[in-house]
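When we follow the numbering used here, the leftmost residue of the sequence shown carries the number 9, and every step to the right adds one. The beta-carbon is built from N, C-alpha and C at its ideal position, and this holds for glycine as well. These figures come from a predicted structure and were not determined experimentally. Here the structure is laid out as structure tokens; the discussion comes afterwards.
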Amino acid sequence: MLKKQLLTQIELKRTELIEIAMKHGFSSSSAIICSQELDVLLNKYNEINLKNEFPAFRESKKQWNM
């Protein structure tokens, strides 16, 4: 997935989370699920950045079975 596409998905999911939280509350099950989906997208984005900034990251990730 391209970095730009991922950033777009992150912003859309963040907006969705805010809307859900305002309507149903931050601790609602729908807000929690949406928050977890946002976490997955953010983790993917961070992984892409780590791979670009630290080429050895890929090897260390294999070492720790991640």
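What is the DSSP secondary structure of residue i, reduced to helix, strand or coil?
| i | result |
| --- | --- |
| S43 | helix |
| L14 | helix |
| S38 | helix |
If contacts are defined as beta-carbon pairs under 8 Å, then residue i and residue j qualify, I think. What distance do you get, rounded to the angstrom?
| i | j | result |
| --- | --- | --- |
| K12 | I56 | About 11 Å separates the two Cβ atoms, so there is no contact after all. |
Quick check: the region 25 to 35 against the region 48 to 63, are at least 3 beta-carbon pairs closer than 8 Å? Contact fails: fewer than three Cβ-Cβ distances are below 8 Å.
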